[in-house]
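Undergrad:
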Amino acid sequence: MTQPSSSPSAPAQQTSETPRRRRRLRRRVRSKIRGPSFNRLIPNILTMLGLCGGLMGMRFAVDGRFQAAAVALLISAFIDGLDGRIARLLRGSTRFGAEFDSLSDFLCFGVAPSFLLYFWALKDGGRYAFLPCIMFTVCMALRLARFNANLDGEHHQPKYASNFFTGVPAPAGAGLALFPLFLGLEAQKLGIDWLYRLTRLPWIPTLTLASTGLLLVSTLPVWSFKNFKVPAQYVLPLMLGTGLYAVVLVADPWAALAAAGVIYVFLLPLSRLSFLRLKKAAEDLQTDEDDIEETPAPSHS
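Every letter in the sequence shown is one number past the one before it in the UniProt record's numbering, and letter 26, counting from 1, is 26.
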């Protein structure tokens, strides 16, 4: 009888196929991508777009296209109002983003407005015509540097002070400085030649640049509107007024922007009075608490 021959080839084939399958599985595993998430990049991308808007505004000013230059700066201001809020919403706030946003603000709101006004009215104003442009840009740099330096000490400030800026903020300062440009574009649109020629005289941009520069570096408390609470009876009028202003802004943007600058200037004294009132109320409350602590407890005989 012939004994059945043992076939060791089947187990050997199985053992040889197992490492191959393991190698294939290892090849399919993707390596982890290291780097920041896309959520953290969105605010920086918006900041970069705002920076490009400021650069395009300067380029349009060189070509004499002042309407396009003003629109570019308005887009930069709109993006500046979004990137910080989106960063907090997406939890993508970083130190790099804060520094990048500050540099973008310096160019869009510190360099570009003085650049536009120089080509608008100051380039033919003589040898000293560029001095107000330098003054405004330097004041904007100082204002942004002070803002960045105070970021670390925000938690030491009183609670009421968190509702106020120290000095006029950068976008608002750019809007105030560009008041002659907005008024001149509106006069050009309406055909008011005398007003258009008036806005292109060198002394008006000089006045707006110098006065706005002083407001930027001042210690004037200005409403930030971040934690601003509106009384219930004023909610509906505020919404209606905002909608009406949006309609006017679309229909007649230069008049709306010029009017917004005038209204903002009239709000500055009211902002200071509000700050002083809140400060006095906080000091009186602190005095009352100190008096209560110093009052001795009655002794029982």
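The beta carbon of each residue, even a glycine, is placed where N, CA and C say it ideally should be.
Excluding the 5 residues flanking Ala87 on each side, which residues of the same chain have their C-beta closer than 7 Å to its C-beta?
TA: Within the same chain, Ala87 has close Cβ partners Pro43, Ser93 and Gly97.
Undergrad: So, helix, strand or coil for Val230, using DSSP?
TA: Coil, per DSSP.
Undergrad: When the Cα atoms are used, what is the spatial distance from Phe225 to Arg85?
TA: Distance between the alpha carbons of Phe225 and Arg85: 13 Å.
Undergrad: Quick one: which unbroken alpha helix (DSSP H) runs of 4-plus residues sit fully inside the region 122 to 151? Chain order, please.
TA: Those alpha helix (DSSP H) runs which fall completely within the region 122 to 151 and span 4+ residues are 131 to 149.
Undergrad: Which value, in whole angstroms, describes the spacing of the CA atoms of Gly175 and Arg65?
TA: In a straight line, the C-alpha of Gly175 is about 18 Å away from that of Arg65.
Undergrad: List the residues that DSSP assigns as beta-bridge partners of Trp223.
TA: DSSP output for Trp223 lists Phe164 as bridge partner(s).
Undergrad: For Leu240, is the classification buried or exposed, using 16 other Cβ atoms within 10 angstroms of its Cβ as the cut-off for buried?
TA: The residue is exposed, with fewer than 16 neighbouring Cβ atoms inside 10 Å.
Undergrad: Report the rounded CA-to-CA distance for Leu73 versus Leu107, giving the unit in angstroms.
TA: Cα to Cα, the separation comes out at about 10 Å.
Undergrad: Beta-carbon separation of Ala112 and Ala172 under 9 Å?
TA: No, these two residues do not count as a Cβ contact at 9 Å.
Undergrad: Count the CB pairs spanning the region 250 to 258 and the region 178 to 192 that are closer than 8 Å, and state whether there are at least three.
TA: Contact between the region 250 to 258 and the region 178 to 192 is present, because at least three Cβ pairs lie under 8 Å.
Undergrad: Using a 10 Å radius around the Cβ and a threshold of 16 neighbouring Cβ atoms, would you call Phe115 buried or exposed?
TA: When all chains shown are included, Phe115 counts as buried.
Undergrad: What is the DSSP secondary structure of Ile192, counted as helix, strand or coil?
TA: Of the three classes helix, strand and coil, the one that applies to Ile192 here is coil, per DSSP.
Undergrad: Is the beta carbon of Phe147 closer than 9 Å to that of Asn102?
TA: Inspection of the sequence shows that residue 102 is occupied by Ser rather than by Asn. Yes, the Cβ-Cβ distance between Ser102 and Phe147 is below 9 Å.
Undergrad: Against chain C, does Gly173 count as a neighbour if the rule is that its beta carbon must be under 9 Å from one of theirs?
TA: Absence of chain C from the displayed structure is noted, only one protein chain being present.
Undergrad: Of all the options Val262, Ala281, Gly57 and Val265, which has the alpha carbon lying nearest to the alpha carbon of Leu117?
TA: Closest by alpha carbon: Gly57.
Undergrad: Jot down the residue ranges of each uninterrupted beta strand (DSSP E) in the region 241 to 284, minimum 3 residues, whole runs only, in chain order.
TA: The region 241 to 284 contains no whole beta strand (DSSP E) run of 3 or more residues.
Undergrad: Thinking C-beta only, is Ser104 closer than 9 Å to Gly167?
TA: Contact: no.
Undergrad: Among Leu41, Pro132 and Gly54, which residue has its Cα nearest to the Cα of Leu90?
TA: Checking every option, the nearest Cα to that of Leu90 belongs to Leu41.
Undergrad: Excluding the 5 residues preceding and the 5 following Gly54 in the sequence, name in chain order all residues of the same chain whose CB lies nearer than 6 Å to its CB.
TA: Counting only Cβ-Cβ distances below 6 Å, and skipping sequence neighbours, we find Ser76, Leu107, Cys108 and Ala112.
Undergrad: Comparing alpha-carbon positions, which option in Lys279, Ala149 and Pro180 lies nearest Leu207?
TA: Of Lys279, Ala149 and Pro180, the residue nearest in Cα terms is Pro180.
Undergrad: I want to know whether the region 124 to 139 touches the region 203 to 217 - three or more CB-CB distances under 8 Å.
TA: Counting Cβ pairs under 8 Å, three or more are found: they touch.
Undergrad: Restricting to Cα atoms, I'd like to know which of Gln67, Ala70 and Met48 is closest to Leu82.
TA: When each option's Cα is compared against that of Leu82, the closest is Met48.
Undergrad: If you drop the 5 nearest sequence neighbours on each side, which residues of the same chain put their C-beta closer than 6 Å to that of Gly125?
TA: Around Gly125: Pro202.
Undergrad: Can you tell me whether Ser37 is buried or exposed, with buried defined as 16 or more other CB within 10 angstroms of its CB?
TA: So Ser37 ends up on the exposed side.
Undergrad: Are Pro221 and Arg272 closer than 9 Å when you measure CB to CB?
TA: Their beta carbons are under 9 Å apart, which means Pro221 touches Arg272 by this criterion.
Undergrad: Going by CA-CA distance only, name the one from Phe136, Val138, Gly191 and Phe228 that's closest to Phe165.
TA: The shortest Cα separation from Phe165 among Phe136, Val138, Gly191 and Phe228 belongs to Phe228.
Undergrad: So, is Phe136 buried or exposed, given that buried needs 16 or more other C-beta atoms within 10 angstroms?
TA: Answer is buried; the Cβ neighbour count reaches 16.
Undergrad: Please list the terminal residues of the continuous alpha helix (DSSP H) segment that includes Arg95.
TA: Where Arg95 is concerned, the enclosing alpha helix (DSSP H) stretches over Arg95 to Asp105.
Undergrad: In this structure, does DSSP put Asp63 in helix, strand or coil?
TA: It is coil, neither helix nor strand.
Undergrad: Are the CB atoms of Val138 and Gly261 within a distance shorter than 9 Å?
TA: Not in contact: Gly261 and Val138 (Cβ atoms no closer than 9 Å).
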